[in-house]
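Undergrad:
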Amino acid sequence: MNRRTFLCKTMTFLAAAYVSDAWRCFSAEAASPAPLQCPKIKETYLKFVMPLQNRLQTDLIVLHHIGDSNEDFSAADVHQWHINNGWAGIGYHFVIRKNGVIERGRPLDTVGAHCYGYNEHSVGINVVGNFETAVPTVAQLDSAVHLTAYLCQLYRIDPFADDVVLGHRDLNATLCPGKNFYAELDAFRQRVQSNFSHTLVRRAPSSRRHRLPNVH
Ligand SMILES: [Zn+2]
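Going by this note's numbering, the first residue of the sequence shown is number 161, and it counts up by one from there.
Structure, rendered in structure tokens:
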């Protein structure tokens, strides 16, 4: 092979490699799903009466209900109740109204006050209602699924793991989030998983989840 032939073959090879790499990049991009968009969140501008701590870790989403009443309470209502308890303000990060509107509670990057022993590394979502007697609305469930899937993507936590999306009663001795919502949690998790479009590093199952007896 003379020098000219060698250079020509080399250039042909490099061009082919470039096209192949470019095609691979294009194919990979075309195959990867678009990230999930953040659901619309209604800002509430609640004033907290004590300083809040930043949360340094997030590997758990805890679902709650109101419990005592099936009325359509707002994040501001819950905020006032929790101030009356002597707390800094609302303990949940989100409140989902009957019409599906997601209201901001405690700022997302702060430690909540919603699940004893787990606040330091969890996000608390309250789906408004008493699900011992009633059921969540379709709009509430749609919003809760979208929000939960988005949070899993945001914090790179795995909604397919069995200890990531839990009801309050999985962790503390309480009826929350009510037997009717709790009975739907497996279907809820499956909907979160099917909404979830972010590439994940799967982690080993942990033994953190301990079921406690219900309070009756
Ligand atoms: Zn709860």
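Every residue, glycine too, gets a C-beta built ideally from N, C-alpha and C.
1. With N214 and T270 assumed to form a contact (beta carbons below 8 Å), what rounded beta-carbon distance in angstroms separates them?
2. Counting pairs of beta carbons, one from the region 348–356 and one from the region 235–253, are three or more of them closer than 8 Å?
3. How many angstroms separate the CA atom of W241 from the CA atom of I250?
4. Cβ of H253 versus every heavy atom of ligand 1: is any distance shorter than 7 Å?
5. What residue ranges within the region 266–334 form continuous alpha helix (DSSP H) runs of no fewer than 4 residues, ordered along the chain?
6. Return the chain-ordered list of same chain residues with a C-beta closer than 8 Å to the C-beta of P319, the five sequence neighbours on each side being excluded.
7. What would DSSP say about F356, mapped onto helix, strand or coil?
8. Which residues does DSSP pair with I262 in a beta bridge?
9. Are there 16 or more other CB atoms within 10 angstroms of the CB of S229, so buried, or fewer, so exposed?
10. I262 to M210, Cα distance in whole Å?
TA: The short version:
1. Yes, N214 and T270 are in contact; Cβ-Cβ is about 6 Å, under 8 Å.
2. No, the region 348–356 does not touch the region 235–253.
3. Counting only the Cα atoms, I250 lies some 8 Å from W241.
4. At a cut-off of 7 Å, the beta-carbon of H253 does not count as near ligand 1: no heavy atom of the ligand is closer than that.
5. Segments of the alpha helix (DSSP H) lying fully in the region 266–334: 298–315.
6. Same-chain partners within the cutoff: T308, A309, C312, V325, R349, V352, Q353 and F356.
7. F356: coil per DSSP, three-state reduction.
8. Within the DSSP bridge table, the entry for I262 names I201 and I256 as partners.
9. Exposed, since its Cβ has fewer than 16 Cβ neighbours within 10 Å.
10. It is roughly 24 Å from the alpha-carbon of I262 to the alpha-carbon of M210.
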